[in-house]
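Numbering (this note's numbering), first residue to last: 17 to 491.
C-beta: ideal position from N, C-alpha, C; glycine also.
Structure first, commentary second.
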């Protein structure tokens with residue numbers, strides 16, 4: 017049964033991520049078509065096409081690898097050569113790949129030749145980056161048809177271009193909001209709070225300083241004062257050093273003020289008053305309200321009786337929490353190379369993998385499987401569903417934030433180019449200067465190729481890390 021639940025968690029997570037990516041691309045598609053652009057392809061996934069169909073001028077399909085997708089919007093880059101300008105105006109058809117065995121450079125040169133000017137071939141750019149840009153631009157304008165002259169993406173106003181490219185990440189952020197709102201609004205935030213009675217729920221076995229990052233006793237640790245006194249779970253403290261105790265808050269204050277002084281306890285156990293073995297509390301440093309400043313207080317080694325409290329929240333709480341998560345996601349993007357390097361070190365046994373580090377889809381699916389198959393006490397179907405919702409919501413939020421990085425091939429690269437174009441044109445209009453024209457985002461392509469290679473490399477490291485040194489859900 018556990019195997020079935022684990023598989024169900026994995027399939028649910030992967031299916032949710034595939035749907036999220038598909039809806040991301042659908043956001044681009046919707047606004048591109050709304051603003052009149054020609055969209056030749058909408059594909060969910062990468063690799064070989066499993067199936068596709070054509071509706072109108074757009075081919076829709078699903079590919080084998082469900083880890084991405086794309087929408088092909090015609091005319092993403094503005095023309096730079098005279099021939100590209102004529103193609104974009106519909107004055108000339110796009111060049112074919114080959115004609116009668118001649119390479120496309122010959123065809124282009126022949127088209128530009130006149131009776132008074134002999135046909136000559138321009139020397140091709142030999143620089144790597146120049147060739148990348150040239151080949152990408154050539155492939156872009158080969159798709160342009162004469163009827164597309166007023167439907168090219170680069171001709172849209174800056175605000176519409178921004179909206180087309182912002183729609184994808186916006187969908188992911190909206191899906192994250194829906195996931196988080198569903199968890200916080202329906203399942204609620206579950207917490208435990210003391211009942212207020214001076215009843216002991218847990219007795220610590222040993223003394224572990226707060227500054228040590230562990231919860232398990234080790235050989236040589238001092239026996240806790242509560243265990244030394246003979247305190248048991250369920251005991252109700254009625255007197256501390258012969259002073260009557262009526263609440264947990266009062267008992268906690270008396271223990272803290274006692275430092276390392278002597279201590280005598282009286283408890284009610286099974287409706288009988290019991291005097292425990294005299295002992296001493298332990299003076300220990302305690303962080304004051306998480307400020308990093310410490311004070312020395314008495315330590316006893318008990319946890320109070322508590323009850324579960326469920327608080328349900330609305331959209332405002334969800335947005336505030338998402339704001340905190342977005343800030344964390346943004347800082348994680350900045351630190352991503354260093355965090356991925358930590359995973360690489362962990363793969364080769366050079367360091368331990370940070371438990372708050374990044375993970376790939378493989379890691380996310382493993383966490384989802386562990387959540388679904390967990391038999392942890394108190395984790396019912398509702399709790400598992402809520403945890404899966406938080407995992408899926410977190411992935412969507414990160415995808416949305418990551419795609420807003422202002423560099424190609426990410427959506428943020430096009431957004432940044434369109435925003436700069438709009439600002440430049442408004443500035444020119446304000447000072448009554450000539451229209452500066454379109455911003456050529458194709459000049460970012462060398463950076464786009466390098467960033468794409470870096471992202472692919474980091475993805476491979478994370479996927480290997482999630483197999484070799486996987487993160488654990490802790491359930």
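Contact check, residue i vs residue j, beta carbons under 8 Å
i, j, result
"residue 219", "residue 317", "yes"
"residue 216", "residue 247", "yes"
"residue 431", "residue 181", "yes"
"residue 471", "residue 375", "no"
"residue 457", "residue 369", "no"
"residue 204", "residue 328", "yes"
"residue 200", "residue 334", "yes"
"residue 312", "residue 339", "no"
"residue 79", "residue 55", "no"
"residue 385", "residue 160", "no"
"residue 413", "residue 345", "yes"
"residue 381", "residue 29", "yes"
"residue 575", "residue 252", "With the chain covering only 17 through 491, there is no way to say anything about residue 575."
"residue 186", "residue 44", "no"
"residue 39", "residue 191", "yes"
"residue 296", "residue 277", "yes"
"residue 210", "residue 321", "yes"
"residue 387", "residue 489", "yes"
"residue 373", "residue 350", "no"
"residue 33", "residue 418", "no"
"residue 405", "residue 198", "yes"
"residue 177", "residue 444", "no"
"residue 407", "residue 378", "no"
Where residue i sits in the DSSP three-state scheme
i, result
"residue 268", "helix"
"residue 23", "helix"
"residue 263", "coil"
"residue 50", "helix"
"residue 160", "coil"
"residue 211", "coil"
"residue 176", "helix"
"residue 75", "strand"
"residue 193", "helix"
"residue 35", "helix"
"residue 294", "coil"
"residue 41", "helix"
"residue 331", "helix"
"residue 382", "helix"
"residue 338", "helix"
"residue 95", "coil"
"residue 224", "coil"
DSSP beta-bridge partners of residue i
i, result
"residue 206", "326"
"residue 349", "In DSSP, residue 349 forms no bridge with anything."
"residue 256", "259, 281"
"residue 86", "59"
"residue 200", "The partner list for residue 200 (beta bridge, DSSP) is empty, contrary to what the question assumes."
"residue 243", "Residue 243 is not bridged to any residue."
"residue 70", "75"
"residue 288", "285"
"residue 319", "218"
"residue 65", "79"
Straight-line Cα distance separating residue j from residue i
i, j, result
"residue 41", "residue 85", "7 Å"
"residue 72", "residue 18", "47 Å"
"residue 424", "residue 453", "20 Å"
"residue 302", "residue 469", "48 Å"
"residue 416", "residue 281", "57 Å"
"residue 361", "residue 367", "5 Å"
"residue 464", "residue 168", "21 Å"
"residue 31", "residue 390", "20 Å"
"residue 21", "residue 401", "12 Å"
"residue 355", "residue 348", "8 Å"
"residue 222", "residue 315", "11 Å"
"residue 310", "residue 245", "27 Å"
"residue 82", "residue 392", "31 Å"
"residue 290", "residue 283", "5 Å"
"residue 421", "residue 202", "33 Å"
"residue 125", "residue 164", "With a pLDDT of 39 at residue 125, under the threshold of 50, the modelled position of this residue cannot be trusted, and the question is left open."
"residue 477", "residue 285", "57 Å"
"residue 243", "residue 264", "18 Å"
"residue 540", "residue 170", "Here the chain has residues from 17 to 491 only, and residue 540 is not among them."
"residue 47", "residue 179", "7 Å"
"residue 493", "residue 480", "The structure shown does not extend to residue 493, since the chain is modelled only from 17 to 491, so the question has no answer here."
"residue 166", "residue 449", "25 Å"
Chain B contact for residue i (CB, 8 Å cutoff)
i, result
"residue 260", "Looking for chain B here will not work: only one protein chain is present."
As an exercise, report each continuous alpha helix (DSSP H) stretch of at least 4 residues that is fully enclosed by the segment 399–485, in chain order. 427–446, 461–484
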